[in-house]
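S.K.:
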Amino acid sequence: NAGVTQTPKFRILKIGQSMTLQCTQDMNHNYMYWYRQDPGMGLKLIYYSVGAGITDKGEVPNGYNVSRSTTEDFPLRLELAAPSQTSVYFCASSPNRGTEAFFGQGTRLTVV
Amino acid sequence: GENVEQHPSTLSVQEGDSAVIKCTYSDSASNYFPWYKQELGKGPQLIIDIRSNVGEKKDQRIAVTLNKTAKHFSLHITETQPEDSAVYFCAASTNKHTGTASKLTFGTGTRLQVTL
Chain A
5 NAGVTQTPKF RILKIGQSMT LQCTQDMNHN YMYWYRQDPG MGLKLIYYSV
55 GAGITDKGEV PNGYNVSRST TEDFPLRLEL AAPSQTSVYF CASSPNRGTE
105 AFFGQGTRLT VV
Chain B
10 GENVEQHPST LSVQEGDSAV IKCTYSDSAS NYFPWYKQEL GKGPQLIIDI
60 RSNVGEKKDQ RIAVTLNKTA KHFSLHITET QPEDSAVYFC AASTNKHTGT
110 ASKLTFGTGT RLQVTL
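These protein sequence lines are chains A and B, in that order. Under our numbering, the first residue of the first sequence carries the number 5, and numbering increases by one thereafter. Under our numbering, the first residue of the second sequence carries the number 10, and numbering increases by one thereafter.
1) Should A/A96 and A/Y37 be called a contact, given that it needs their Cβ atoms to be closer than 8 Å?
2) For B/P43, list the residues DSSP reports as bridge partners.
3) Closer than 9 Å, Cβ to Cβ, to anything on chain A: give me those residues from the region 38-55 of chain B, in chain order.
4) When you compare only the Cα positions, how much space is there between B/S18 and B/Y97?
5) Check whether the Cβ of B/L113 lies closer than 8 Å to any Cβ atom in chain A.
6) Can you confirm whether A/Q29, when its beta carbon is compared against all beta carbons of chain B, has any partner nearer than 8 Å?
7) Counting only beta-carbon atoms, is B/T33 nearer than 8 Å to chain A?
8) For B/T107, does the count of other Cβ atoms within 10 angstroms reach 16, so buried, or fall short, so exposed?
9) Evaluate B/E124 with the Cβ neighbour count: other Cβ atoms within 10 Å of its Cβ, from every protein chain shown; 16 or more gives buried, anything less gives exposed.
10) Look up B/Q14 in the DSSP assignment and say whether it is helix, strand or coil.
11) Quick one: using the 10 Å Cβ neighbour count with 16 as the cut-off for buried, is A/F14 buried or exposed?
12) Taking DSSP as the reference, what is the three-state secondary structure of A/Q29?
13) From the DSSP secondary-structure annotation, give me the bridge partner or partners of A/M36.
14) With 16 other CB atoms within 10 Å as the buried threshold, where does A/V8 fall?
15) Using a Cβ-Cβ cutoff of 7 Å, what residues of the region 6-30 of chain A are near chain B? List them in chain order.
16) Can you pull the chain B residues whose beta carbon is under 7 Å from the beta carbon of A/F94, in chain order?
17) Using a Cβ cut-off of 8 Å (strictly closer), state whether A/Q89 contacts chain B.
18) With which residues is A/N69 paired in a DSSP beta bridge?
19) Here's the rule: buried if 16 or more other CB atoms are within 10 angstroms of the residue's CB, otherwise exposed. What is A/V115?
20) Suppose the cutoff is 7 Å on Cβ atoms and the five residues either side in sequence are ignored; what does the same chain contact list for B/I95 look like?
21) Three or more C-beta pairs closer than 8 Å, one from the region 67-83 of chain A and one from the region 22-33 of chain A: is that the case here?
22) Compile a chain-ordered list of the residues in the region 58-70 of chain B whose CB is closer than 8 Å to at least one CB of chain A.
Put into structure tokens, the structure is as follows:
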């Protein structure tokens, strides 16, 4: 199993551009999450999903959108990139509520 | 919502010494407390977790204690080794509603350095 795979690993965006961060997992997990990690701030939940077709907002959803058309994929969309979205983004999945979350390797995004 | 505080932010110990990282949480309904280790350039990886019906859990050199009354939990690493150097995050979650995900609230992290 590859686990949780994120692409790309690095990206530089100009202000106002849009992009999609890809996330796929091959563990057949129902729950998937997107976090952002800023220096000294821990991880903040952006969006999460409890299964295909179901998504919900986390702590910091503004400026992002997600979709979950399949169990495997959970892409994160940035429509109008802003410098405040410069961060490291992590996708994670877990099989059930209150169980281990498996993280991807992260995407380092810089908005200039 | 849940708030998790973590201390210290940095910790330097000599190889072979013990390291202790402490976290407090605010939501008394929280019932799952994992600890994650993050190495440079990688995603966080679970090293140990504890549930609210247990006061202590051990896995070789790593142990976690939970005090529900005081709403704090701690990570203990004994006989530290250079490969223990990393950033450690505590987290807390609660499953208040059926069908919702267990949303983890993370602490701000502790950078542990084990020196020779």
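All residues carry an ideal CB built from backbone N, CA and C; glycine is no exception. Note that this is a predicted model, so its numbers are computed, not measured.
M.R.: Quick answer:
1) yes
2) B/D58
3) N40, Y41, P43, Y45, Q47, G50, K51, G52, P53, Q54 and L55
4) 9 Å
5) yes
6) no
7) no
8) Residue placement at B/T107 cannot be trusted, given a pLDDT of 48 that sits under 50; what the coordinates show is reported in the next sentence. When all chains shown are included, B/T107 counts as exposed.
9) According to the sequence as given, residue 124 of chain B is Thr; it is not Glu. Result: exposed.
10) In the sequence under discussion, the amino acid at residue 14 of chain B is Glu, which differs from the Gln named in the question. Residue state, collapsed to three classes: strand.
11) exposed
12) strand
13) A/S53 and A/S97
14) buried
15) none
16) G52
17) no
18) A/R81
19) buried
20) Position check: residue 95 of chain B holds Ala in this sequence, whereas Ile was assumed. The residues are K46, Q47, E48 and L121.
21) yes
22) D58 and R60
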